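Notes to accompany the following structure.
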Amino acid sequence: MNSCLSLSENPLRFEPLRKMTTIFYDDKSNEIFTIIHTDVMQVIVENTNLRKKNVYTVKHKRHVISLKFSPDQRILAVQHDKNSIEFMSFVDGIQSSSFTQFAKASNSELLGFVWVSGIEVLFVTNVSLELYQVEYDKKSLKYLKNVSMNISWFLHLPKKNFILLCTGPNGIHLQPYYIQDTNFNKLPRLELDSTHFQKQGKPCTILERDVTLTSCYNQTRVLIFQHSQNGALPGTDIAVYTVSKNIPAKKTHVLKLSLCGRFALNIVDDLIVVHHQISKTSFIFDIGLVIREEDSVTILTPIIDAMPIKIPSDIECELYSPHWVTFQPNIIIDVGIGAFWYLNIDLSNFLTHIEDKCLLVDFLLQRTNGKIYLVKLLNGVMLSENKNLEEIAQLFNRLNLVYKDKLELERQSQVGLPVSSSITIQVYKPLTDMKIAFNQLDMYSNVFTGVADYTYKSSSQKNKKFFTWILLEYIRSLTDYNIPVQHCIHELLINTLVLNKDFQQLHQILQYHVIADSKPLACLLLSLENVYPPAHQLALDMLHRITNATEEITEVLLSKKLVISALRYSDAYGTEGEISYRKYLDIADSVGDPNVFYSVFVEFEKRDQSNSKGISQFSSGGRCDVYVQRFFDRYRKIAV
């Protein structure tokens, strides 16, 4: 079975965990720290994005609990014990100076620290949050503020400066904070289902290993493993809490797992991947797909069967090793062999693992690179021997629902309505939250043209007829969502009908306005007159229904040398600006009927006489001298 998950090729290699080495990873700076304990302490720092390695020498050899560089790489902060942090600066990789900061709360235990910004560092103790500012010149920290509370452990989401604290006297509450402009912004604590955190009927501590703080679909999420209690059916659920700055966090999803044991989590392209060590497989969930709801909570099962991760060919490792450590969003580190991978997904394999085509479309619309696989899916469905028009219509509806949302958001951003204190503007909210939209040009260029080429070359009249119905279904779907159909789609439909010689159906489609009137389509119909003569009149009728097409209609009539009809239509419906006497007289003269030339010339004489401005094209540079002379030479006798 082809796996949908794989470890990245060419992993970053570093010194593995040994007796004389210690490994740390900083998820804010994306750096791996390898500490080698020899006569002096060497710190090897490798940036996982830049693949850049730096070596630093520390003058002493003390135990290291945690260490992190400041975002500007000027200061290395190292926690050696439970109540202080040492801040070191370096010159050419050798420690030049340092200072130590103790936690402000007396008799407190320092649980850890995070760099909030280039000059701000947060201490998290068991009794408080303490925010400090680094004063580089004074080689010290300036105390800014603190918040007191009982804290058992904490998690940090670096990109959003979001902190999740396990609080309460027994560590039974989860309290979120986000830090902004040196302020601690407290959010409502998570309302947990207490039945999953009890022992012998009493609340018990929430374990850090059971909680993951991450971002999924551009929202902060807290994922909590809920293990089955005694007497319950074996299995583990993952409760997904969605956290917002404006409203209280709430449980929005429950992910159903049929196994118990040790789990780990990653987020890959907004897919939640749950690794199970015992079975050495991974489960994939997509919280963007609404499957089933219970009390406003979406219940989800894996979108495909559990499968192992594919190992790259250039390395040997033990899958789901006890040495594996996962970090958010999609990082897997094997400290046993010293390898750093990104977890990737292979969307092409989902095409075979997800049988429901409508579900597959919804899935691909939410993937970053889903468009190329949507093309493959749609082409496969339309060219299949067992193609189903009803299924294709459902796929179009799903695509156009998202397409409509994108168009509406673009329209709203372009309008730029001003906000008034007395008027509340309803901001448009999409029904879906998809990463890509499949528009009409995508359909035309990447799907329909290829299917059309295959269909035109096919000897099967049934296939050709079916392609016509596919195009009509697409137009129907666009119309249902009030999306104007672009010219390329209408043009393809008309050309398809002409190539299939379905002129009767073409006539009906135009008569019943299945195709919207437009000047480009009218021109296309005019070009079809040789293969279908009624197309000329259909084009004129279409132009007539368009309010500003008088000039185009007169040009069509003139091309047929129907000069009198062109003049009458111009008089009846008006044209922008004056008509050219010479142009009409040229055509009237070429008709070869003296009565036509005479009628046109006399009509223009009447117009000149009734012109209040006294301007005549016969005498004011209209280049009509030759026709004036010809009129008097040939046709004046008719007037007499």
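Whatever position you read off the sequence shown (first residue = 1), add 1127 for the working numbering.
We treat Cβ as the ideally placed atom computed from N, Cα and C, and that holds for glycine.
Remember, predicted model here, so these are calculated numbers, not experimental data.
What residue range does the beta strand (DSSP E) around residue i cover?
i: SER1211; result: 1211-1218
i: PHE1151; result: 1148-1153
i: TYR1304; result: 1300-1307
i: PHE1226; result: 1221-1229
i: HIS1164; result: 1158-1164
i: ASN1622; result: From DSSP, ASN1622 is part of no beta strand (DSSP E) but of the alpha helix (DSSP H) over 1614-1626.
i: ILE1426; result: 1424-1427
i: ALA1204; result: 1203-1206
i: VAL1191; result: Note, VAL1191: premise wrong, no beta strand (DSSP E); not H, not E.
i: VAL1248; result: 1247-1252
i: LEU1134; result: 1132-1134
Within this structure, are the beta carbons of residue i and residue j separated by less than 8 Å?
i: SER1645; j: HIS1614; result: yes
i: LEU1652; j: ALA1666; result: yes
i: TYR1583; j: LEU1626; result: yes
i: TYR1500; j: LEU1491; result: yes
i: CYS1387; j: SER1342; result: no
i: LEU1314; j: PRO1303; result: yes
i: TYR1080; j: LEU1317; result: Outside the displayed span of the chain (1128 to 1767) sits residue 1080, for which this structure offers no information.
i: VAL1502; j: LYS1484; result: no
i: GLU1247; j: THR1148; result: no
i: GLN1768; j: ILE1374; result: There is simply no residue 1768 to check, as the chain begins at 1128 and stops at 1767 in what is shown.
i: GLN1493; j: ASP1569; result: no
i: LEU1526; j: PHE1565; result: yes
i: ASN1277; j: THR1294; result: yes
i: PHE1196; j: GLU1173; result: no
i: PHE1523; j: SER1604; result: yes
i: LEU1536; j: LEU1486; result: no
i: VAL1370; j: PHE1311; result: no
i: THR1332; j: ILE1299; result: yes
i: TYR1152; j: ILE1163; result: no
i: ILE1680; j: TYR1659; result: no
i: LEU1258; j: LEU1271; result: yes
i: LEU1139; j: PRO1439; result: no
According to DSSP, residue i sits in a beta bridge with which residue or residues?
i: ASN1273; result: GLU1257
i: HIS1283; result: ILE1290
i: GLU1173; result: ILE1159 and LYS1180
i: GLY1239; result: VAL1251
i: LEU1268; result: VAL1261
i: VAL1185; result: MET1168
i: ARG1336; result: Looking at the DSSP assignment, ARG1336 forms no beta bridge with any residue, so it has no partner.
Near residue i, which residues of its chain fall below 6 Å by C-beta distance, leaving aside the five closest residues on each side in sequence?
i: ILE1550; result: Summary for ILE1550: the model assigns pLDDT 39, below 50, so the residue's position carries little reliability; its value from the coordinates is reported in the next sentence. Answer for ILE1550: no residue qualifies.
i: GLU1656; result: ALA1662 and HIS1663
i: VAL1837; result: Any property of residue 1837 remains undetermined from this structure, which presents the chain solely from 1128 to 1767.
i: VAL1767; result: Model confidence at VAL1767 stands at a pLDDT of 44, short of 50, so the residue's coordinates are unreliable; what they give is reported in the following sentence. Around VAL1767: no qualifying Cβ.
i: ASN1129; result: ASN1476
i: VAL1753; result: none
i: ASP1199; result: GLY1245
i: ILE1430; result: ILE1411 and ASP1413
i: VAL1462; result: LEU1144, ILE1150 and HIS1450
i: ILE1121; result: No answer is possible for residue 1121: it lies beyond the span of the chain, which begins at 1128 and ends at 1767.
i: GLN1768; result: In this structure the chain extends from 1128 to 1767, so residue 1768 is not present and cannot be described.
i: LEU1505; result: VAL1574
In its own chain, which residues sit with a C-beta less than 7 Å from the C-beta of residue i, not counting the 5 before and 5 after it?
i: GLN1632; result: LEU1624
i: TYR1447; result: HIS1402, GLN1404 and LYS1407
i: ALA1579; result: PHE1594, LEU1619 and THR1623
i: ILE1610; result: ASN1527, TYR1530, LYS1531 and LEU1534
i: ASP1720; result: none
i: ASN1457; result: ASN1393, ILE1394, VAL1395, TYR1469 and LEU1470
i: TYR1571; result: CYS1615, ILE1616 and LEU1619
What residues in its chain sit with their C-beta under 8 Å from that of residue i, if we drop five residues either side in the sequence?
i: SER1409; result: LEU1132, VAL1400, VAL1401, HIS1402, HIS1403, ALA1433, MET1434, PRO1435 and ILE1436
i: TYR1711; result: LEU1685, VAL1690, ALA1693, LEU1694, VAL1727 and PHE1731
i: THR1595; result: LEU1620, THR1623, LEU1624, ASN1627, ASP1629 and GLN1632
i: VAL1723; result: VAL1690, ILE1691 and ALA1715
i: HIS1190; result: HIS1207 and ASP1208
How is the alpha helix (DSSP H) around residue i delimited, first residue to last?
i: ASN1312; result: Taken as a continuous stretch (DSSP letters only), ASN1312 belongs to no alpha helix (DSSP H), being part of the beta strand (DSSP E) at 1310-1313.
i: TYR1447; result: Note, TYR1447: premise wrong, no alpha helix (DSSP H); not H, not E.
i: SER1778; result: Limits of the chain in this structure are 1128 at one end and 1767 at the other, which puts residue 1778 out of reach.
i: ILE1636; result: 1630-1638
i: ARG1145; result: Segment: none, ARG1145 is in no alpha helix (DSSP H) and carries neither H nor E.
i: ASP1580; result: 1576-1584
i: LYS1591; result: 1588-1607
When the cut-off is 8 Å and only beta carbons count, does residue i lie next to chain D?
i: PRO1449; result: Looking for chain D here will not work: only one protein chain is present.
Cβ-heavy atom distance between residue i and the ligand SAH below 7 Å?
i: GLU1732; result: This structure simply doesn't include the ligand SAH, nor any ligand for that matter.
Report the start-end ranges of each beta strand (DSSP E) in the region 1449-1531 that is 3 residues or longer and not cut off at the edges. 1451-1454, 1458-1461 and 1466-1472
For the region 1338-1422, list the beta strand (DSSP E) runs that are entirely contained and at least 3 residues long, ordered along the chain. 1338-1343, 1346-1354, 1363-1370, 1377-1384, 1390-1395, 1398-1403, 1408-1412 and 1419-1421
Could you pull out every unbroken alpha helix (DSSP H) segment of at least 4 residues lying fully inside the region 1667-1709, listed in chain order? 1677-1686 and 1690-1700
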